[in-house]
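With positions in the sequence shown counted from 1, the corresponding number in this note's numbering is that position plus 1.
All C-beta atoms, glycine included, are put in the ideal place defined by N, C-alpha and C.
Read the structure below first, then the notes.
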Amino acid sequence: MFSIRTMNKISAKGLDLFSPDTYSVGDEEENCDAIVVRSAKLHDLEFPDTLKAIARAGAGVNNIPIDRCSSEGVVVFNTPGANANSVKELVIAGLMLSARQVHQGLSWTRENAKNPDLAALVEKEKNRFAGTEIMGKTLGVVGLGAIGVMVSNAAVALGMRVIGFDPYISVESAWGLSQFIERAESLDGLLGQADYVTIHVPLSDSTKGMINAEAIGQMKSGARLLNFARGGLVDNSAVKDALDSGALSCYITDFPDAEVADHPLVLGVPHLGASTEEAEENCAIMAVKQLKDFLEHGTIHNSVNFPDCHLRNAGRRRILIANRNIPNMVGQITTILAQHSINILDLLNRHRGDLAYNIIDIDGDISDDVVAQLGRVDGVIFARTIPPQA
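Set out below in structure tokens:
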């Protein structure tokens, strides 16, 4: 029986995939094997010794202490792409709002709702809220992951010229990208051409504050900036100065804070990018499936700290070993198995940075003492077994 602790409200369509015969699920599970989380901050949470994995029902993992998880052998999963359509639709809405003064017009209408001459007043005042069309304008997309690709393709369908920049674009993303997307050789090259700039990169030490005064200085005068990725990607002080000077026409963000939220040219959306019923369901389903595959088969897919690793389960006893990526680890592991006359039927070793992960299928069984011996090898982070699957 596996114990799963839930943090935040997780969609029942995901949690229902945990069979009650195999899993105990709830928000009070203490000695849990895994955690399913959305936005709860885990940095100060003391992990039980039983914890094997954390699944984030969403893409960002800045609420999870990744380095600590890696050192303690906790595999961290996220769900890239599961909420992509939800975010894409809000980005497109943001594009429209930034081009047309709909928000300002709606506010004006509400303020004048009780005026008996409202219909006539509308015709007199509507020019105050004139905007521009997005067709034929240039959209710069920074980051071509799942969301960036979908935004790019949707913008092309709306008649925009789209320029994308992502030096680390994956093969999967490249396959999904419209042939009409132009490639920028540098971020500066993109910023200098775009009427609209939308950001879709993860927040890290290297991307924090990437849209700063220098970057804004590369943008076309009066450009519009959209941020539906992470608040820390944008230097709010620089954006505020640019709005005041006219260097930027407006800033649409899903991460408003006190520094810019009350600026008349800022539209602060209260973090609604993935707040749709469909996105929450998709993220929960994907997170649960990844946890089940790991706990039941040792498979790793969409981990942010361990390598992807999949070996078809042929119904044999399986050994799972995580270790530091240092020389002779596989040799030491296989030597111990040979010393105990344990025959290896299949073995898969993958590494990611400083970490490596092994799936080893064996003929017959293995004692707890041998598993403990494997765990004591210098550099091994964890060693556990999975019983033969029916």
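Check whether the Cβ atoms of residue i and residue j sit closer than 9 Å, and answer yes or no.
i, j, result
"Glu281", "Ser40", "no"
"Ile382", "Gly74", "yes"
"Val37", "Met2", "no"
"Ser205", "Ile182", "no"
"Leu145", "Phe166", "yes"
"Asp34", "Ser4", "yes"
"Ile387", "Ile320", "yes"
"Val371", "His341", "yes"
"Leu249", "Ala216", "no"
"Val261", "Lys241", "yes"
"Ile337", "Gln374", "yes"
"Gly274", "Val88", "yes"
"Lys14", "Ile286", "yes"
"Ala100", "Glu134", "yes"
"Gly95", "Phe256", "no"
"Ile164", "Ala195", "yes"
"Val267", "Leu244", "yes"
"Leu122", "Asn116", "yes"
Please list, in chain order, all residues of the same chain as residue i whose beta carbon is under 7 Å from its beta carbon, the five residues on each side excluded.
i, result
"Pro389", "Gly316, Arg317 and Arg318"
"Met211", "Leu234"
"Cys70", "Ile55, Val77 and Asn306"
"Ala290", "A small correction: the amino acid at residue 290 is Lys; Ala does not occupy that position in the sequence shown. For Lys290, where only same-chain residues beyond five positions count, the Cβ hits under 7 Å are Leu18."
"Glu31", "Pro49"
"Arg353", "Phe307 and Pro308"
Considering only DSSP beta bridges, list what residue i is partnered with.
i, result
"Arg351", "Tyr358"
"Leu268", "Ile253"
"Asn324", "Ala357 and Val381"
"Met8", "Val38"
"Leu107", "Paired residue(s): none; Leu107 is not in a bridge."
"Val198", "Gly141 and Leu226"
"Arg57", "Val38"
"Ile164", "Gly141 and Glu183"
"Ile301", "Cys310"
Which residues in the same chain have their Cβ closer than 8 Å to the Cβ of residue i, if we skip the five residues on either side of it in sequence?
i, result
"Glu126", "Trp109"
"Asp236", "Gly210, Ile212, Asn213 and Ala214"
"Asn64", "Val38, Ser40, Ala41, Lys42, Leu43, His44 and Arg57"
Give me the Cβ distance between residue i and residue j, rounded to the nearest whole Å; I'm assuming they're in contact under 8 Å.
i, j, result
"Leu356", "Arg325", "7 Å"
"Val143", "Val62", "Rounded, the Cβ-Cβ distance is 20 Å, inconsistent with contact."
"Cys310", "Ile367", "The Cβ separation is near 19 Å, so there is no contact."
"Met136", "Met161", "7 Å"
For residue i, which residues of its own chain have a beta-carbon under 6 Å away from its beta-carbon, when the five flanking residues on both sides are left out?
i, result
"Asn283", "Ala83"
"Ala60", "Asn79 and Pro81"
"Asn1", "One cannot answer for residue 1 here, as it falls past the ends of the chain, which runs 2 to 391."
"Ala214", "Ala239"
"Gly193", "Gln219"
"Gly149", "Val142 and His201"
Indicate the three-state DSSP secondary structure (helix, strand or coil) for residue i in the structure shown.
i, result
"Glu178", "Correcting the residue type first, residue 178 is Leu in the shown sequence and not Glu. Three-state DSSP puts Leu178 in coil, outside helix and strand."
"Phe307", "coil"
"Asp370", "helix"
"Val381", "strand"
"Phe48", "coil"
"Asn237", "helix"
"Cys251", "strand"
"Asn229", "A small fix is needed here, since residue 229 is Phe in this sequence, not Asn. In the structure shown, Phe229 sits in coil (DSSP, three-state: anything other than H, G, I, E or B)."
"Phe130", "helix"
"Phe19", "coil"
"Ser205", "coil"
"Asn213", "coil"
"Val62", "coil"
"Ile135", "coil"
"Ala224", "strand"
"Val75", "coil"
"Asn344", "strand"
"Ile363", "strand"
"Ile286", "helix"
"Thr336", "helix"
"Ser171", "coil"
Looking at the C-beta of residue i, does it have a partner C-beta in chain D at a distance below 9 Å?
i, result
"His341", "Judged by its chain identifiers, the structure shown contains no chain D, having just a single protein chain."
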